[in-house]
Amino acid sequence: MNDKVVLLDLENNLPTAKMLRDIVEHYSSLYLFNLTGQFNYALEDLTELSGWISSGQIVILDTPRAKKKEFEYAVVVGQLMALLAPGTHIEVVSAMDDIHVLMHLLDGSELSASLIQVQTENAKKSKNKQRIPDIQTIKTKPYLQQVKKYCDALAKMAGRPSTVDKLINSIANILQLVPEKAQHLLGLLINLKIVKREAEQVSYRKKVLKEWAEIDVENSKNASKKVHEIDDILSKIHQESEHILADLDTDSSIENIQNHLYKNFSNIDPVQMEVIQKLNDLKSEKPKDIYQLRDLLEKMFPKTDIRLLLKELIEKGYIYWNGHDVVYSHEMMLN
């Protein structure tokens, strides 16, 4: 069986004497580091701590300051490569959001590692404010897509994995991942509050899992496509309406325009009369959309300049475009 050690990130995660005592009791070695370079510890517990350090059970890693955290984490990884025997598994315990950088470096150095993400006090206070990532974020983050895919599978499982090892095997099988990648995903499931870990046992937060499983990424793609299509249609309708009304005096009121247009009712050519009759026959099924009206007239009168015809119908007061719907005048009904 491979040896297991703990790598404890002290930043925003200061341990109690009891916590260190439990780790030392169950793991062969405990490695401590803090990128801020500080370690505050209760004075009365220093004697016990110094004993663990002297015996080599606890090792404090060097963390030189650098402009980028990647470089600082790289120094930590380098020390672990020198100190650990081949095949040793590292349990990383951290409260930092950017700890995934360290996990990536460990994976790139072929060191077996899994993450236990802990909450800071501030995070615990604000846990009710934590929200599942939005659909757009999930679509742009491959690792969140894997989380979503596995949550879909978990939601359908009759018997869910109850131990860490079984869960890692399940993740690896369903997502076709190597064990190391599956361990990283387990850390994400814990961090996202989908899975709760207690020692080697795991349980599931049913409400959070249900919310993840109900996210409909595929339909959101179709909905987004339809929105774009509708936007294009509305844009075309707007352009068509502008062409149709281009010759009208936009500064005049609707009432003045109609009063002026109604004077032209006697000037009706045969085509216009036929248009009025056909539209009148449609009764309540007359198109309310200017774009649909144009298409209908093009089918009815393929040899006629429909744009000009619409312009004349508007000028003579038979129809009116209010910017949203086509309004048919009473005079058209009488004719």
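Heads up: the sequence shown is residues 671 to 1005, going by this note's numbering. The C-beta atom is built at its ideal place from N, Cα and C for all residues, glycine as well. From a predicted model like this one, the values you see are computed outputs, not experimental measurements.
(request) Could you pull out every unbroken alpha helix (DSSP H) segment of at least 4 residues lying fully inside the stretch 793-859, listed in chain order? (result) 805-810, 812-826 and 834-845
(request) Report all residues from its chain with a CB closer than 7 Å to the CB of Ala-736; omit the five preceding and five following residues, and keep chain order. (result) Position 66 of the sequence shown, counted from the start, is the residue given in the question as residue 736. So the list reads Glu-742, once near-sequence residues are dropped.
(request) Measuring alpha carbon to alpha carbon, tell me which of Val-694, Ser-698 and Met-689 ends up nearest Lys-674. (result) Start at 1 with the first residue of the sequence shown, and residue 674 comes out as number 4. Ranking the options by Cα distance to Lys-674, first place goes to Ser-698.
(request) Between the Cα of Asp-835 and those of Leu-772, Ser-784, Val-729 and Glu-881, spot the shortest distance and give me the residue it belongs to. (result) Reading the sequence shown from its first residue, position 165 is the one you call residue 835. With distances taken between Cα atoms, Asp-835 lies closest to Ser-784.
(request) In the DSSP assignment, find the unbroken alpha helix (DSSP H) run with Ala-752 in it and report its ends. (result) Taking the sequence shown and counting its residues from 1, one reaches residue 752 at position 82. Ala-752 -> alpha helix (DSSP H) spans 739-753.
(message) Quick check: what's the CA-CA separation for Ile-728 versus Thr-706?
(response) Position 58 of the sequence shown, counting from 1, holds the residue named residue 728. Position 36 of the sequence shown, counting from 1, holds the residue named residue 706. When rounded, the distance between both Cα atoms is 19 Å.
(request) Note down, in chain order, each residue of its chain lying with its Cβ closer than 7 Å to the Cβ of Asp-732, except the 5 sequence neighbours on either side. (result) As a first step, residue 732 must be located in the sequence shown, where it is residue number 62. Same-chain partners within the cutoff: Val-745 and Gln-749.
(request) May I have the straight-line CA-CA distance separating Pro-1009 from Leu-776, to the nearest angstrom? (result) A query on residue 1009 cannot be resolved here, the shown segment of the chain reaching from 671 to 1005 and no further.
(message) I need the straight-line Cα distance from Leu-847 to Ile-841, nearest angstrom please.
(response) Taking the sequence shown and counting its residues from 1, the one referred to as residue 847 is at position 177. Taking the sequence shown and counting its residues from 1, the one referred to as residue 841 is at position 171. Their backbone Cα atoms lie some 7 Å apart in a straight line.
(request) Specify the secondary structure class of Arg-875 as computed by DSSP and reduced to three states. (result) For the purposes of this step, residue 875 is taken as the residue at position 205 of the sequence shown. Coil.
(request) Given a cut-off of 7 Å, decide if Leu-702 and Leu-716 are closer than it, judged by their beta-carbon atoms. (result) Here residue 716 is taken as the residue at index 46 of the sequence shown, counted from 1. Here residue 702 is taken as the residue at index 32 of the sequence shown, counted from 1. Not closer than 7 Å, so no.
(message) Per the DSSP calculation, Gln-787 is bridged to which residue(s)?
(response) Reading the sequence shown from its first residue, position 117 is the one you call residue 787. Note: Gln-787 sits in a beta bridge opposite Ser-764.
(request) Find the nearest neighbour of Leu-855 within the set His-770, Val-788, Ile-693 and Leu-719, judged by alpha-carbon distance. (result) Against the sequence shown, residue 855 aligns to sequence position 185. The candidate whose alpha carbon is nearest that of Leu-855 is His-770.
(request) Could you please give the first and the last residue of the uninterrupted beta strand (DSSP E) stretch that includes Asp-679? (result) What you label residue 679 is simply residue 9 of the sequence shown in a count that begins at 1. Taken as a continuous stretch (DSSP letters only), the beta strand (DSSP E) holding Asp-679 covers 674-679.
(request) Determine the direct distance from the alpha carbon of Ile-760 to that of Leu-754, and round the result to whole angstroms. (result) Position 84 of the sequence shown, counted from the first residue, corresponds to residue 754. Position 90 of the sequence shown, counted from the first residue, corresponds to residue 760. Their Cα atoms are separated by approximately 9 Å.
(message) Starting from Glu-982, trace the alpha helix (DSSP H) in both directions and tell me its first and last residue.
(response) Here residue 982 refers to the residue found at position 312 when the sequence shown is read from its first residue. Note, Glu-982: alpha helix (DSSP H), 976-985.
(message) Let's see if you can read the secondary structure: which residues bound the beta strand (DSSP E) around Ile-730?
(response) In the sequence shown, residue 730 corresponds to position 60, counting from 1. Note, Ile-730: beta strand (DSSP E), 728-730.
(request) For Asp-822, collect the residues of the same chain with a Cβ closer than 7 Å to its Cβ; drop the 5 residues on either side in sequence, then sort them by chain order. (result) The residue labelled residue 822 in the question sits at position 152 within the sequence shown. Counting only Cβ-Cβ distances below 7 Å, and skipping sequence neighbours, we find Ala-883.
(request) Express the C-alpha separation of Ile-730 and Thr-686 in angstroms, rounding to a whole number. (result) Here residue 686 refers to the residue found at position 16 when the sequence shown is read from its first residue. Here residue 730 refers to the residue found at position 60 when the sequence shown is read from its first residue. The straight-line gap from Cα to Cα measures roughly 16 Å.
(message) Run through the DSSP bridge pairs and tell me what Lys-866 is partnered with.
(response) Along the sequence shown, one-based indexing puts residue 866 at 196. DSSP output for Lys-866 lists Ser-873 as bridge partner(s).
(request) Would you list the residues sitting across from His-770 in a DSSP beta bridge? (result) For this step, residue 770 is matched to residue 100 along the sequence shown. In DSSP, His-770 forms no bridge with anything.
(message) With H, G and I counted as helix, E and B as strand and the rest as coil, what does DSSP make of Ile-885?
(response) Position 215 of the sequence shown, counted from the start, is the residue given in the question as residue 885. Ile-885 falls in the coil class under three-state DSSP.
(message) Is the beta carbon of Ile-838 closer than 7 Å to that of Ala-852?
(response) Within the sequence shown, residue 852 is the residue found at index 182, counting from 1. Within the sequence shown, residue 838 is the residue found at index 168, counting from 1. Against a cut-off of 7 Å, the Cβ pair of Ile-838 and Ala-852 comes out as a contact.
(message) Rounding to the nearest angstrom, what Cα-Cα distance links Val-872 and Ala-765 in this structure?
(response) By 1-based counting over the sequence shown, the position of residue 872 is 202. By 1-based counting over the sequence shown, the position of residue 765 is 95. Spanning the two alpha carbons is a distance of roughly 19 Å.
(request) With DSSP collapsed to three states, give me the class of Tyr-711. (result) Numbered from 1 along the sequence shown, position 41 holds the residue referred to as residue 711. Of the three classes helix, strand and coil, the one that applies to Tyr-711 here is coil, per DSSP.
(message) Between which two residues does the alpha helix (DSSP H) holding Tyr-961 run?
(response) Position 291 of the sequence shown holds residue 961. 960-970 is the extent of the alpha helix (DSSP H) around Tyr-961.
(request) Would you mind giving the Cβ-Cβ distance between Leu-700 and Leu-678, rounded to the nearest angstrom? I have them listed as a contact below 8 Å. (result) Here residue 700 is taken as the residue at index 30 of the sequence shown, counted from 1. Here residue 678 is taken as the residue at index 8 of the sequence shown, counted from 1. Rounded, the Cβ-Cβ distance is 6 Å, consistent with contact.
(request) With a 10 Å radius around its C-beta and 16 neighbouring C-beta atoms as the bar for buried, classify Gly-987 as buried or exposed. (result) In the sequence shown, the residue the question calls residue 987 occupies position 317. Its Cβ being crowded by 16 or more others within 10 Å, Gly-987 is buried.
(message) Report the CB separation of Val-887 from Leu-859 in whole angstroms; it is logged as a contact under 8 Å.
(response) Taking the first residue of the sequence shown as 1, we reach residue 887 at position 217. Taking the first residue of the sequence shown as 1, we reach residue 859 at position 189. Their Cβ separation, rounded to whole angstroms, is 18 Å, which puts Val-887 and Leu-859 out of contact at 8 Å.
(request) Give the straight-line distance between the Cα atoms of Asp-875 and Leu-845, rounded to the nearest whole angstrom. (result) Translated into the one-based positions of the sequence shown, residue 875 becomes position 205. Translated into the one-based positions of the sequence shown, residue 845 becomes position 175. Sequence check: residue 875 is Arg here, not Asp. In a straight line, the C-alpha of Arg-875 is about 21 Å away from that of Leu-845.
(request) Pick helix, strand or coil for His-759, following the three-state DSSP scheme. (result) Numbered from its first residue, the sequence shown carries residue 759 at position 89. Strand.
(message) DSSP three-state label for Leu-702, please.
(response) Here residue 702 refers to the residue found at position 32 when the sequence shown is read from its first residue. DSSP places Leu-702 in strand when its eight states are reduced to three.
(message) Measuring only the C-alpha atoms, how far is Glu-714 from Ala-828?
(response) By one-based count along the sequence shown, residue 714 stands at place 44. By one-based count along the sequence shown, residue 828 stands at place 158. For Glu-714 and Ala-828, the distance between alpha carbons rounds to 50 Å.
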